[in-house]
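Residue numbers (the numbering used here), protein chains in the order written: chain S, 3 to 599; chain U, 13 to 169. Note sheet for the following structure.
Structural data, given as structure tokens:
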């Protein structure tokens, strides 16, 4: 359908835009930035903060630029005296209800309200400070998220994120008027409700009301403790986003410099979660093939298909709350982070002649739910807490800055050996569809002895940004032991963001679709859009990180998990074979049904 | 015993299993028992495919949809300006004395909860109070106590 063009002027400059464009978007086209707080390009329009008000000639009152569509002949002024006065007053009113203790705030220096207060030089607070009247509290019981209501400006980005993107609605608007607040069910702490710890709310909170629970100090302490051998692992999505914390444009691949920086921070060994991503593929691929055999050959009705991935701790907690009847469908494989931790305190420790209790495992993750995952009681198969501390990409950026490292001038270096090798298949775990692609590269080759029939191993149908994607691969020319799969069309689905996951699982539940294997990532875009990634994140930024991940994969000599030389050695010397008893003890887990609020 | 499943069934037959049914269900529960229990909000959320936080959010917005235990009789004295001028403070004092509770509290026998309310629209006949759905205008402290005693007798008999 053709859209009509609309002509208007903004600050006396004519502009033509398609109908339905908002004043905010039209102004952006002319490079006029209108300040916003409640507006976020990933979310529906709310229009509640009023900071984007502009003057429309002839209108009785100022209009919200984010919520007002353009009309023919409109004359807009974005920076008139009236607008400036109104905006300044709005910012001052917001501050009167905001705990503006900026120097103590975790978001100091990265706060949208602070930036506006600075830009408009608000000076002394002209309105009575109401913050003490409201007696708001801090919920810091979650291992992942701190919610400080005294900082909240009630823009409701978090509420829209939790509802529209994640379909969780752990957070909702409660009470009214001056008592209005963002609340969980009955104001329970986040640990006690359906919150998946995904951190997408943190990623969108314009102020310091929702932040990650930081572990930077604990990690410094471990590094400075001479009795500890501190091992660090880095998730695939961190290397393509850490630059944004350090002044680079989005989409810069900085693997080598990041490794050098981690060494300079004082970690004893810099290793790679991609190594255990490759290991996950062998464990999970074998599990899938075993399930297929049990269903197709043994006609075992106790075995659940489709099998879903289990790498995303947000997804795991979501399914535990929302679809507990599908827990048998979730792969028993631990996530790569936890496989790494379990091996670091057993295999790695033995090889290096260390005691397990002296090894401290730190993970750098694009994720806040990983902090929760590391604290799960199931994740102690080494006899100790397998992963001691989890830092987000943002926290790593902070540590690099604290250490005074000039990141741009660093030389590139390689990961250390023993659990530092990886393939392109491990790298693409960071993008939605990546686990599926990596698994197909390996499973197809195990079954047929040939590479997947896609040019350059790029399984394009599972890549992309659509919320739910499907692909089928027909298996032909099987090796003799996999003869039962001859002619089978393996049917796969990929979903990212939990709202899409919910849709997909409801279709599975209703019997509308039949898949063998489903990959689900809790965050939009997969881990590269994770809740621990640099702020801001937008569709464009996620796209650039995604390109960087696929470029990293394409540039690596080894691109199939089963070719990872260190993984081969691990099986030969320690685990035996995929899904062996030892592998099950260390690398697999179980799940717990949880309540629905 | 309040049967929330029955209420959900009845209301969703009229309004369907969408968010539209939320307010009528909550109102029906409160009509029967003056407040919403946690497990009822969870049941409603499940039936309408909402999150319990959203149900709580909606309930907490409305003064008359209480989410904490209330007595069998909810007394709401209008606190807005006309009733204030007409002597609502004396009415509240008399009620506090006879019920031996403060505003916001419930009697030990769980019969009465004393609250204040914003304008009830009876400014010409203030001071005014509501007991559940009944309006009592043109109150004096003595009259307020007599009304409460009437409820007490009704309950005893």
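The C-beta atom is built at its ideal place from N, Cα and C for all residues, glycine as well.
Does any C-beta atom of chain U lie closer than 9 Å to the C-beta of residue i?
i: residue 643 (chain S); result: An answer regarding residue 643 (chain S) cannot be provided, because it is not within the stretch 3 to 599 covered by chain S.
i: residue 187 (chain S); result: yes
i: residue 193 (chain S); result: no
i: residue 196 (chain S); result: yes
i: residue 165 (chain S); result: yes
i: residue 171 (chain S); result: yes
i: residue 178 (chain S); result: yes
i: residue 175 (chain S); result: yes
How close, in whole Å, do the beta carbons of residue i and residue j come, if the pair is a contact with beta carbons under 8 Å?
i: residue 474 (chain S); j: residue 492 (chain S); result: 7 Å
i: residue 560 (chain S); j: residue 426 (chain S); result: 7 Å
i: residue 86 (chain U); j: residue 127 (chain U); result: 6 Å
i: residue 176 (chain S); j: residue 68 (chain U); result: 6 Å
i: residue 522 (chain S); j: residue 310 (chain S); result: 6 Å
i: residue 149 (chain S); j: residue 192 (chain S); result: 6 Å
i: residue 416 (chain S); j: residue 233 (chain S); result: Actually they do not touch by this definition, with Cβ atoms about 16 Å apart.
i: residue 322 (chain S); j: residue 595 (chain S); result: 6 Å
i: residue 349 (chain S); j: residue 572 (chain S); result: 7 Å
Cutting at 6 Å between CB atoms, please list the residues of its own chain near residue i, excluding the five before and the five after it.
i: residue 128 (chain S); result: 94
i: residue 131 (chain U); result: 92
i: residue 336 (chain S); result: 589, 591
i: residue 138 (chain U); result: 94, 95, 98
i: residue 428 (chain S); result: 276, 279, 280
i: residue 597 (chain S); result: none
i: residue 476 (chain S); result: 491
i: residue 238 (chain S); result: 276, 429, 431, 432
Does any residue of chain S have a CB that is nearer than 9 Å to the CB of residue i?
i: residue 73 (chain U); result: yes
i: residue 79 (chain U); result: yes
i: residue 60 (chain U); result: no
i: residue 94 (chain U); result: no
i: residue 76 (chain U); result: no
i: residue 30 (chain U); result: no
i: residue 67 (chain U); result: yes
i: residue 57 (chain U); result: yes
i: residue 53 (chain U); result: yes
i: residue 22 (chain U); result: no
i: residue 50 (chain U); result: yes
In chain order, what residues of the same chain lie with their CB nearer than 7 Å to the CB of residue i, ignoring the 5 residues before and after it?
i: residue 68 (chain S); result: 24, 26, 38, 41, 47, 49, 54
i: residue 204 (chain S); result: 147, 212, 213, 214, 370, 533
i: residue 252 (chain S); result: 246, 543, 546, 547
i: residue 259 (chain S); result: 409, 412, 414
i: residue 437 (chain S); result: 311, 313, 431, 521
i: residue 119 (chain S); result: 93, 97
i: residue 5 (chain S); result: 20, 21, 22
Could you pull the start and end residues of the beta strand (DSSP E) that residue i belongs to?
i: residue 231 (chain S); result: 231 to 236
i: residue 366 (chain S); result: 361 to 367
i: residue 381 (chain S); result: Neither: residue 381 (chain S) is in no beta strand (DSSP E) and is coded neither H nor E.
i: residue 41 (chain S); result: No beta strand (DSSP E) holds residue 41 (chain S); DSSP gives it neither H nor E.
i: residue 125 (chain U); result: 124 to 129
i: residue 386 (chain S); result: Element bounds for residue 386 (chain S): n/a, residue is neither H nor E.
i: residue 146 (chain U); result: 146 to 148
i: residue 519 (chain S); result: 519 to 523
Return the first residue and the last residue of the alpha helix (DSSP H) that residue i is part of.
i: residue 407 (chain S); result: Run containing residue 407 (chain S): none; DSSP gives neither H nor E here.
i: residue 342 (chain S); result: 338 to 345
i: residue 643 (chain S); result: It is not possible to answer for residue 643 (chain S), since the shown part of chain S is limited to 3 through 599.
i: residue 571 (chain S); result: 567 to 572
i: residue 36 (chain U); result: 34 to 45
Using a Cβ-Cβ cut-off of 8 Å (strictly less than) and excluding sequence neighbours within five positions of residue i, which residues of its own chain qualify?
i: residue 70 (chain U); result: 34, 35, 38, 77
i: residue 217 (chain S); result: 373, 391, 392, 393, 397
i: residue 23 (chain U); result: 33, 36, 37, 40
i: residue 407 (chain S); result: 263, 266, 267
Taking residue i as the query, report the chain A residues whose CB atoms sit under 9 Å from its CB, ordered along the chain.
i: residue 598 (chain S); result: Chain labels in this structure do not include chain A; the protein chains are S and U.
* To do: Can you check the stretch 476 to 514 of chain S for any beta strand (DSSP E) of at least 3 residues that lies completely inside it and give the ranges in chain order?
  => If you keep only unbroken beta strand (DSSP E) runs of at least 3 residues inside the stretch 476 to 514 of chain S, you get 491 to 498.
* **Whole alpha helix (DSSP H) elements within the stretch 64 to 92 of chain U, 4-residue minimum** => 64 to 73
* Any alpha helix (DSSP H) of 4 or more consecutive residues that is wholly inside the stretch 412 to 438 of chain S -> 426 to 429
* Whole beta strand (DSSP E) runs in the stretch 85 to 162 of chain S with 3 or more residues, listed along the chain? -> 147 to 150
* Sequence ranges, alpha helix (DSSP H) only - wholly within the stretch 219 to 283 of chain S, length at least 4 -> 244 to 247, 257 to 267
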